[in-house]
Amino acid sequence: MRFLSRRFGFYVFTAWAAITLNFLIPRFVPGDPAQDLLNNLQQQTGQTPTPDQIAAIHTFYGDPTENLFGQYLQYWADIARFRFGTSLSEFPTPVSELVGQALPWTVLLVGVTTIFAWVIGTFLGAWIGTRPGSRVDTIFTPVTTFLHSVPPFWLALLALWLFGFVLGWFPLAGGYDPSVPFQLNNIWFLLSVLKYGALPAFTLIFVGFNGWFFSMRNVMVTTVAEDYVLLARAKGLSSRRVLFKYSARNALLPNVTGLALSIGGVISGVLLTEIVFTYPGMGYLLLKAIGAHDFPVMQTVFLMITLTTLAANFLADSLYVLLDPRTRESN
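Taking full-length UniProt numbering, the leading residue of the sequence shown gets 1, the next gets one more, and so forth.
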């Protein structure tokens, strides 16, 4: 417990530092960033910003006439109530509303693909790891090595060109058919979500399972040579029982903690994939915010990436202590 207490304190301090920097950076930018942003908006739209837009921008950057500590306390109060300011590109829509619209798409896509990739990679790694040097190992391992080195965004572009543009099997962009009413109880809407999300999901699974495969396979190669595994075989236990009760159970630890860490990539892990497929998740929201210089949205997305990564690291530490008795004994 002392180990987890120390780690929890470290992550709480890191989260506080990240949120504090998120507050201070816009307010310590040299010059008058609020006025610069107002000038940029006027040049882009050709219209004079409304008083509400001016107020929203000054609220984001901090009114110099207000006390900085008071702004800091108000900033924490707003975060506690999930208030992240007003979007400048889609004014007067709150940033929390835009995030609330985009986040479920990303969580759905990443959640499904991460589980499938983890299961496929882990089971393949466990099976092939018990057969080092076999024909299936000499064929499958180099192929997955090559696939693991392929950039995910390049594979996404290739899949979009081949299966979307050339063959026409999947839509080229979007998260659902715009001609179908957006209703969760509408079966046609759900089918369109599956159709539009299939190609991004297959791409992420195809890219993601390789890492889990290598991790499990490499640990299994050393685990099957351990004395307790050899003793289990000498006792006449079946290969299936030796695999699941002895070898895979101990080799699974890095992949379990790695799965917890991958939760931190719920937002950041698919940014480029969502951009390639124009999928209406957090990645596409960030792309639009960058193009429109919508700093409140950008800062909110980056802050969420930081906090989810910290939470995932703490979850991984907790699982490691739970699954590895040696960690508890060392404490």
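Ideal Cβ positions, reconstructed from N, Cα and C, are used throughout, including at glycine.
Just to confirm my understanding: we take residue 233, look at its own chain, exclude 5 residues before and 5 after, and list those with CB closer than 7 Å. What are they? Here residue 233 is taken as the residue at index 233 of the sequence shown, counted from 1. Closer than 7 Å at the Cβ level, and outside the excluded window around residue 233, lie 242.
State the Cα-Cα distance for the pair residue 145 and residue 105, rounded to the nearest angstrom. One-based indexing of the sequence shown puts residue 145 at position 145. One-based indexing of the sequence shown puts residue 105 at position 105. Roughly 30 Å between the two C-alpha positions.
Residue 48, DSSP secondary structure in three states: Counting from 1 along the sequence shown, the entry for residue 48 is found at position 48. If DSSP states are grouped into helix, strand and coil, residue 48 belongs with coil.
Quick test of the definition: if touching needs 3 or more C-beta pairs under 8 Å, does the region 301 to 315 touch the region 17 to 25? yes
CB residue 203 to CB residue 173, shorter than 8 Å? The residue labelled residue 203 in the question sits at position 203 within the sequence shown. The residue labelled residue 173 in the question sits at position 173 within the sequence shown. In this structure, residue 173 does not lie closer than 8 Å to residue 203 by Cβ.
Contact set for residue 198: own chain, Cβ-Cβ below 7 Å, skip 5 residues either direction: Along the sequence shown, one-based indexing puts residue 198 at 198. Contacts found: 170.
Sequence-distant residues of the same chain with beta carbon closer than 7 Å to residue 299, five excluded per side: By one-based count along the sequence shown, residue 299 stands at place 299. Hits under 7 Å: 22.
Does residue 278 come out as helix, strand or coil in the three-state DSSP assignment? Your numbering for residue 278 matches position 278 in the sequence shown. Here residue 278 sits in coil by DSSP.
Please classify residue 97 as buried or exposed, where buried requires at least 16 other C-beta atoms within 10 Å of its C-beta. Reading the sequence shown from its first residue, position 97 is the one you call residue 97. The residue in question, residue 97, is exposed, as its Cβ has fewer than 16 Cβ neighbours within 10 Å.
Look at residue 121 and residue 209 and say whether their C-beta atoms are less than 8 Å apart. Your numbering for residue 121 matches position 121 in the sequence shown. Your numbering for residue 209 matches position 209 in the sequence shown. Yes, these two residues count as a Cβ contact at 8 Å.
Determine, using beta-carbon pairs with one atom in the region 277 to 290 and one in the region 100 to 120, whether at least three such pairs fall under 8 Å. yes
Under three-state DSSP, which class holds residue 296? Position 296 of the sequence shown, counted from the first residue, corresponds to residue 296. Residue state, collapsed to three classes: helix.
Count the other CB atoms within 10 Å of the CB of residue 67; is the residue buried (16 or more) or exposed (fewer)? Here residue 67 corresponds to residue number 67 of the sequence shown, with the count starting at 1. Residue 67 should be labelled exposed.
Please name the residue in 132, 154 and 274 whose C-alpha comes closest to that of residue 107. Residue numbering aside, residue 107 sits at position 107 when the sequence shown is read from its first letter. For residue 107, the nearest C-alpha among the options comes from 274.
Could you check the C-alpha separation between residue 74 and residue 291 for me, to the nearest Å? Taking the first residue of the sequence shown as 1, we reach residue 74 at position 74. Taking the first residue of the sequence shown as 1, we reach residue 291 at position 291. Approximately 29 Å between the Cα atoms of the pair.
Just to confirm my understanding: we take residue 229, look at its own chain, exclude 5 residues before and 5 after, and list those with CB closer than 7 Å. What are they? Taking the first residue of the sequence shown as position 1, residue 229 is located at position 229. The answer, listed in chain order, is 223, 242, 246 and 247.
In this structure, does DSSP put residue 222 in helix, strand or coil? Start at 1 with the first residue of the sequence shown, and residue 222 comes out as number 222. Of the three classes helix, strand and coil, the one that applies to residue 222 here is helix, per DSSP.
In the DSSP assignment, the alpha helix (DSSP H) including residue 161 goes from what residue to what residue? The residue labelled residue 161 in the question sits at position 161 within the sequence shown. No alpha helix (DSSP H) holds residue 161; DSSP gives it neither H nor E.
For residue 71 and residue 88, I'd like the C-alpha separation in whole angstroms. As a first step, residue 71 is located in the sequence shown; it is residue number 71 there, counting from the start. As a first step, residue 88 is located in the sequence shown; it is residue number 88 there, counting from the start. Rounded to the nearest angstrom, the two C-alpha atoms are 20 Å apart.
Starting from the C-beta of residue 183, find all residues in its chain whose C-beta is less than 6 Å away, skip the five residues before and the five after it, and write them out in chain order. Translated into the one-based positions of the sequence shown, residue 183 becomes position 183. Counting only Cβ-Cβ distances below 6 Å, and skipping sequence neighbours, we find 189.
Just verifying my parser: in three-state terms, what is the DSSP assignment at residue 86? Against the sequence shown, residue 86 aligns to sequence position 86. Correct three-state label for residue 86: strand.
Residues that DSSP places opposite residue 178 in a beta bridge: As a working note, residue 178 is residue 178 in the sequence shown. According to DSSP, residue 178 bridges with nothing at all.
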